[in-house]
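Some notes on the structure that comes next.
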Amino acid sequence: MADGEDDARPPSGRWPLRLERAQPSARRLVSPGTDSVIRHEPVPATPRVAFPVRRAAEPVRPAPGDGAPLRQHMVDRLRQAGCRDEAVLAVMARVPRHLFVDAALQGQAYEDTSLPIGLGQTISKPSVVARMIELLRERPGGPALRRVLEIGSGCGYQAAVLAGLAERVISIERLRGLHERALARLAPMALANLQLVYGDGRLGHAPAAPFDAIIAAAGGHELPPAWLEQLARGGRLVAPVHDAALKSQVLMVVDRLADGSIVQRIHEPVRFVPLESGISEFGHS
Ligand code: SAH
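Just so you know, the sequence shown maps onto residues 1 to 285 in the numbering used here.
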């Protein structure tokens, strides 16, 4: 973790901040040409979620019926592992994760594991989905989420969970094949407050901005400037970002406070697929 690390270089006051320039010590900077105050705060210790690993001998069980008992079991284990947000857990107990993966993988859908969803991408582990959404709901403006932007729809699972918690969710995917599959998988669920967009999520989605919450399922070397521009006051952004010092991705939490100032914190190391530029017709049927 970045606790206690001391990077001697001064942070630039401009967005995007390169992570390696972020100072863990408390500092206030006034950005030239903006009214934002950028504060770098000490990194709070975050508990690592110790999720019980499935024993090798435990058989892989297919999801019977609609999978409700397995989902409930998954939620019980998430709670035991430290997830405290009952609203998030209640929605995860409802969303049928097995319907977002191929039939051959449905037996593993309620284990705490990431799974391939095609075109080289993966659905995040349930504990990571719960953790990130829990962090979003701890935003300065309070847990109620009006507008949420998700970057990286993938199979659409996390978008469906977000739709159970927010008034409106916009989810962007850059691979046409995955976007189309997510549309098809979500159609029977008729989530009227969820809009899937085929596009480059690095640009955010200006027509629906500002967002109370922005969540990225893919990580780059820095946060795209559009995400911060589209973050509402009282809003929070949660995204994986490459940390040059640690040579790994870490979970970055950025808050825009009521006065417009920005606070960013680095949390635990994570592993997400890369945030790519532009769109791709890959997998288009
Ligand atoms: N939340 C998803 C996780 C998908 S993995 C789920 O529940 O399945 C991350 C996704 O981010 C991949 O599908 C990848 O194609 C997508 N991605 C990567 N860079 C992107 C970008 N610039 N814009 C939109 N999507 C992007």
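Glycine included, every Cβ here is placed at the ideal spot set by N, Cα and C.
Item, Value
"Mapping the DSSP letters down to three states, classify residue 205 as helix, strand or coil.", "coil"
"Got a sec, what are the start and stop residues for the beta strand (DSSP E) residue 241 sits in?", "231 to 243"
"If distances are taken between C-alpha atoms only, which option among 182, 202, 270 comes closest to residue 97?", "182"
"Within the present structure, is the beta-carbon of residue 181 separated from the nearest heavy atom of the ligand SAH by less than 7 Å?", "no"
"Where does residue 175 sit, in a helix, a strand or coil, going by DSSP?", "strand"
"By how many angstroms is the C-alpha of residue 95 removed from the C-alpha of residue 163?", "10 Å"
"Sort 130, 226, 195 by Cα distance to residue 93 and report the nearest one.", "130"
"Out of 103, 111, 110, 88, point me to the one whose CA is closest to residue 136's CA.", "88"
"Roughly how many angstroms separate the alpha carbons of residue 114 and residue 128, rounded to a whole number?", "9 Å"
"Note down, one range per segment and in chain order, each alpha helix (DSSP H) of at least 4 residues found wholly within the segment 135 to 184.", "157 to 163"
"For residue 113, verify whether its CB is less than 7 Å away from any heavy atom of the ligand SAH.", "no"
"Short check: CB of residue 222 to CB of residue 250, under 8 Å?", "no"
"Check whether the Cβ atoms of residue 281 and residue 202 lie closer than 8 Å to each other.", "no"
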